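S.K.:
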Amino acid sequence: MSAELDVLLDGRRFGYVDFGPQAGIPVLALHGHFGRGRMFGFLGEALAPEYRVLALDQRGHGRTAVGGPFDPDEYVADAAAFVRHLGLGPIVVCGHSMGGIIAYRLAARHPELVRALVLEESAAVVGGPEVGPAVLDVSHWPRGAAGREQLAAVVTGFGAPVADYFLDNTEFDGSGWRFPFDPADMMASQRALIGDWWPDWLGSDCPALLVHGGRSTLLPTAMARAMTARRPGTTLVVFPESGHFVHLEERAGFLTAVRDFLGALPRP
Numbered sequence: 023m024s025a026e027l028d029v030l031l032d033g034r035r036f037g038y039v040d041f042g043p044q045a046g047i048p049v050l051a052l053h054g055h056f057g058r059g060r061m062f063g064f065l066g067e068a069l070a071p072e073y074r075v076l077a078l079d080q081r082g083h084g085r086t087a088v089g090g091p092f093d094p095d096e097y098v099a100d101a102a103a104f105v106r107h108l109g110l111g112p113i114v115v116c117g118h119s120m121g122g123i124i125a126y127r128l129a130a131r132h133p134e135l136v137r138a139l140v141l142e143e144s145a146a147v148v149g150g151p152e153v154g155p156a157v158l159d160v161s162h163w164p165r166g167a168a169g170r171e172q173l174a175a176v177v178t179g180f181g182a183p184v185a186d187y188f189l190d191n192t193e194f195d196g197s198g199w200r201f202p203f204d205p206a207d208m209m210a211s212q213r214a215l216i217g218d219w220w221p222d223w224l225g226s227d228c229p230a231l232l233v234h235g236g237r238s239t240l241l242p243t244a245m246a247r248a249m250t251a252r253r254p255g256t257t258l259v260v261f262p263e264s265g266h267f268v269h270l271e272e273r274a275g276f277l278t279a280v281r282d283f284l285g286a287l288p289r290p
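No gaps in the numbering here: position 66 of the sequence shown is 88 in our numbering, and each next residue is one more.
(1) Looking at the unbroken alpha helix (DSSP H) that takes in Gly66, where does it start and where does it end?
(2) Could you check the C-alpha separation between Glu152 and Arg273 for me, to the nearest Å?
(3) Contact between the stretch 172-179 and the stretch 245-259 is defined here as three or more beta-carbon pairs at a separation below 8 Å; is this criterion met?
(4) With three or more beta-carbon pairs closer than 8 Å as the criterion, would you say the stretch 190-207 touches the stretch 221-229?
(5) Say whether the stretch 134-147 touches the stretch 158-167, bearing in mind that this needs 3 or more beta-carbon pairs closer than 8 Å, one atom from each stretch.
(6) Considering Phe104, what are the terminal residues of the alpha helix (DSSP H) in which it resides?
(7) Can you have a look at Phe36 and say buried or exposed, based on whether 16 or more other CB atoms are within 10 angstroms of its CB?
(8) Cutting at 7 Å between CB atoms, please list the residues of its own chain near Arg137, excluding the five before and the five after it.
(9) Just to confirm, are Ala214 and Phe92 a CB contact at a threshold of 7 Å?
(10) What residue does the beta strand (DSSP E) around Leu158 start on, and which one ends it?
(11) When you compare only the Cα positions, how much space is there between Thr250 and Leu232?
(12) In whole angstroms, give me the CA-to-CA distance for Ala130 and Asp159.
(13) Mark His162 as exposed unless 16 or more other C-beta atoms lie within 10 angstroms of its C-beta, in which case mark it buried.
(14) Quick one, are the C-beta atoms of Arg34 and Pro202 less than 7 Å apart?
(15) Give me, in chain order, the residues of the same chain whose beta-carbon lies closer than 8 Å to that of Leu241; leave out the 5 immediate sequence neighbours on both sides.
(16) What's the call for Arg100, buried or exposed, on a 16-neighbour Cβ count within 10 Å?
(17) Going by DSSP, what residue range makes up the alpha helix (DSSP H) through Thr243?
(18) Quick check on the burial criterion: 16 or more other C-beta atoms within 10 angstroms. Buried or exposed for Val88?
(19) With C-beta atoms as the reference, is His53 less than 7 Å away from Gln212?
(20) Can you give the beta carbon distance from Tyr38 to Asp79, rounded, assuming they're within the 8 Å contact cut?
(21) Where in the stretch 32-87 do unbroken runs of the alpha helix (DSSP H), each at least 4 residues long, occur, reported from the N-terminal end onward?
(22) Tell me the rounded alpha-carbon separation between Glu171 and Met208.
(23) Measure the Cβ-Cβ separation of Val29 and Val49 and say whether it is below 7 Å.
(24) Check each candidate in Ser119, Ala103, Met61 and name the one with the smallest Cα separation from Ile216.
(25) Are the beta-carbon atoms belonging to Ala125 and Leu108 less than 7 Å from one another?
(26) Expressed to the nearest angstrom, what Euclidean distance is found between the alpha-carbon atoms of Gly122 and Ser24?
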């Protein structure tokens, strides 16, 4: 059974979900922008009882306190503090999009904390001519609304699975429905992530799985292949008909890829 818990890290209160069981091999799950820890419920269920998925609400997301700073180094420091607080390292770290970038930067900066990486659609470069637009403009989005249908109206124009990703992460707070983030925070965080992260990607040597959607504009296939070729110990799994949200578009295949990768790792 999952439990929603809180932890104080460097003066900031963070929410996280422990999907259990306590005896399972720990896996830290880091969501991308606009997400929250509970989105990894499908992963916790699929990997139990062998693995124990712990999903952090990253700064500015979910039940964690709003407000920055949103420098990527702060995200890395949060993840490192979380792993150390729970005494779980070295740990498998799984991340989607921005969460995956934080994961491989964590491995580069704190190799003693990371046993392996599972990355979904996490690029070595964010922004620039070789990738699609790096910032989704949510500056005009409401923080919340009385009815969920009002929030749905904001995101349905994107079409599935993007709309599903946003709506699955909304919650009712007693007076209305809300997104699990402040739009201004997300604008700041997205802009802060723009950059060339190749040195961090190449800065660790733990085993890594890179899951890529062939139709994604945020991680071009050429970059995914280059990331695999340039970093020893990296396995690339491509879903040609999927976009940026492989875990929603190709869930069964995604879970198979993750299970196969984890199953090949030496036992801790």
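Where is the CB? At the ideal position from N, CA and C, for every residue including glycine. All figures in this text were calculated on a predicted structure; none of them were measured in a lab.
M.R.: If we stick to the structure as given:
(1) As a position in the sequence shown, residue 66 is number 44, starting the count at 1. Element bounds for Gly66: 63-69.
(2) In the sequence shown, counting from the first residue as 1, residue 152 sits at position 130. In the sequence shown, counting from the first residue as 1, residue 273 sits at position 251. If you take the alpha carbons of Glu152 and Arg273, they lie about 27 Å apart.
(3) no
(4) no
(5) no
(6) If you number the sequence shown from 1, residue 104 lands on position 82. Where Phe104 is concerned, the enclosing alpha helix (DSSP H) stretches over 94-108.
(7) Taking the first residue of the sequence shown as position 1, residue 36 is located at position 14. Phe36 is buried by the Cβ-count criterion.
(8) Your numbering for residue 137 matches position 115 in the sequence shown. Pro112, Ile113, Val114, Cys228, Pro290, listed in sequence order.
(9) The residue labelled residue 214 in the question sits at position 192 within the sequence shown. The residue labelled residue 92 in the question sits at position 70 within the sequence shown. The answer is yes: Cβ separation under 7 Å.
(10) Here the question's residue 158 lines up with position 136 in the sequence shown. Run containing Leu158: none; DSSP gives neither H nor E here.
(11) For the purposes of this step, residue 250 is identified with residue 228 of the sequence shown, where counting begins at 1. For the purposes of this step, residue 232 is identified with residue 210 of the sequence shown, where counting begins at 1. The straight-line gap from Cα to Cα measures roughly 8 Å.
(12) Taking the first residue of the sequence shown as position 1, residue 130 is located at position 108. Taking the first residue of the sequence shown as position 1, residue 159 is located at position 137. One C-alpha to the other measures close to 30 Å.
(13) What you label residue 162 is simply residue 140 of the sequence shown in a count that begins at 1. Exposed, by the Cβ-count rule.
(14) Locating residue 34 in the sequence shown gives position 12, where the first residue counts as 1. Locating residue 202 in the sequence shown gives position 180, where the first residue counts as 1. Going by C-beta atoms, Arg34 is not nearer than 7 Å to Pro202.
(15) For the purposes of this step, residue 241 is taken as residue 219 along the sequence shown, with counting starting at 1. Cβ neighbours of Leu241 beyond the five flanking positions: Glu143, Ser144, Ala145, Val153, His234, Gly235, His266.
(16) Here the question's residue 100 lines up with position 78 in the sequence shown. It is Asp, not Arg, that sits at residue 100 in the sequence shown. Flag for Asp100 reads buried.
(17) Numbered from its first residue, the sequence shown carries residue 243 at position 221. Start and end: 243-252.
(18) The count along the sequence shown starts at 1 and reaches residue 88 at position 66. Exposed, because fewer than 16 other Cβ atoms sit within 10 Å of the Cβ of Val88.
(19) As a first step, residue 53 is located in the sequence shown; it is residue number 31 there, counting from the start. As a first step, residue 212 is located in the sequence shown; it is residue number 190 there, counting from the start. In this structure, Gln212 does not lie closer than 7 Å to His53 by Cβ.
(20) In the sequence shown, residue 38 corresponds to position 16, counting from 1. In the sequence shown, residue 79 corresponds to position 57, counting from 1. Yes, Tyr38 and Asp79 are in contact; Cβ-Cβ is about 6 Å, under 8 Å.
(21) 63-69
(22) Working through the sequence shown from its first residue, we reach residue 171 at position 149. Working through the sequence shown from its first residue, we reach residue 208 at position 186. Answer to the nearest angstrom: the Cα atoms are 22 Å apart.
(23) For the purposes of this step, residue 29 is taken as the residue at position 7 of the sequence shown. For the purposes of this step, residue 49 is taken as the residue at position 27 of the sequence shown. No, they are not a contact pair.
(24) For the purposes of this step, residue 216 is taken as residue 194 along the sequence shown, with counting starting at 1. Taking only the C-alpha atoms, the option nearest Ile216 is Ser119.
(25) On the sequence shown, position 103 is the one that residue 125 refers to. On the sequence shown, position 86 is the one that residue 108 refers to. Cβ distance not < 7 Å, so Ala125 and Leu108 don't count as in contact.
(26) What you label residue 122 is simply residue 100 of the sequence shown in a count that begins at 1. What you label residue 24 is simply residue 2 of the sequence shown in a count that begins at 1. If I take the Cα positions, the gap works out to 23 Å.
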